[in-house]
Amino acid sequence: MTGPPAPIAMIVVTAVIVGTAIAVGGRFVLRGLPEPTLPGDADDVLRAEYAAKISYRSLARPRFLLGAASFGVLGMIVASIAAPQQTLGCWLVFSTVAVLLAAIDAATTWLPSGLIYRGWGAMTVTAAIAVITAGSDRWTLLITILGGAAIAGVGYLLLWRLTGGRAIAFGDVRLMPMVGAVAGTLGWPGLYWSILLGSVVGAVIGIVRLVLRRRGAFPYAPALVAGPYAAALLLRALP
């Protein structure tokens, strides 16, 4: 499910919105995020993990925010070129919230649930607008967005349970409905390729970490978030 690229003016405007939201608004978001609470029955290993965590507030600095904003702008440009125009609201949310979450995960290996839930809410609103304005394709779009969110969310929940949380963290499970919803704007092929390509990116990062002998928690959100953008470009390139 693709369409003609968005007009240049729309590409510029949406990119500016995303960049400003992350670079300026992200500072206030990061300063307001609560830190995870240590469980009362935590063992010494878990206590050490919580103690070593980089605080969200400490990320509210220009270098981190500008880096995250750059990736968000790049993602929004890709979406404006490769995704259906009526769904760009969904991609705007994704390029702002999901990209910021991926950057947070890359820096801390933690995903703040409060920000994920806000992303769910914003994605719901923009998805509803996209469906309403989709004309004769509205039912197809509704089904693929809802189906994408459900399949991605439930699929990763099962993966988390089957592996006892060793393959992915529960924060990744919370993130996946947002990934699946935006992937669903590309249709069923978009959902398939988003999950596949995101997993491939994650595998490549994992292999690089093994080669470099990097130990510790593995930030998987950047790979998951990259999946829909890679899928959009692939589907745009296919005949």
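Note that full-length UniProt numbering has the sequence shown beginning at 1, numbered continuously upward. Ideal Cβ placement from N, Cα and C applies to all residues, glycine included.
When the beta-carbon positions are compared, residue 194 and residue 183 come within less than 8 Å of each other. In the DSSP annotation of this structure, the continuous segment of the alpha helix (DSSP H) that includes residue 80 starts and ends at 62-82. At the C-beta level, residue 125 and residue 179 stay beyond 8 Å of one another. Going by C-alpha positions, residue 4 is about 25 Å away from residue 196. If you compare the alpha carbons of 48, 94, 233, 9 with that of residue 38, the shortest gap goes to 48. Within the model, the alpha-carbon separation for residue 20 versus residue 186 is close to 26 Å. Per the Cβ contact rule, the stretch 164-180 is in contact with the stretch 205-225 (3 or more Cβ pairs under 8 Å). Residue 72 and residue 29 do not touch by the CB rule: their CB atoms are close to 13 Å apart, not below 8 Å. Residue 95 holds the alpha-carbon nearest to the alpha-carbon of residue 77 among 127, 134, 34, 95.
For residue 41, there is no enclosing alpha helix (DSSP H), as DSSP marks it with neither H nor E. Counting the other CB atoms within 10 Å of its CB gives residue 18 a total of 16 or more, which places it among the buried residues. Under the three-state reduction of DSSP, residue 35 is assigned to coil, being neither helix nor strand.
The DSSP-derived three-state label of residue 165 is coil. Here residue 117 is exposed: its Cβ has fewer than 16 other Cβ atoms, across all protein chains shown, within 10 Å. Short of 7 Å from the beta carbon of residue 147, and not among the five residues preceding or following it, lie these beta carbons of its own chain, in chain order: 184.
Below 8 Å, too few C-beta pairs join the stretch 82-90 and the stretch 46-61 to call them touching: fewer than three.
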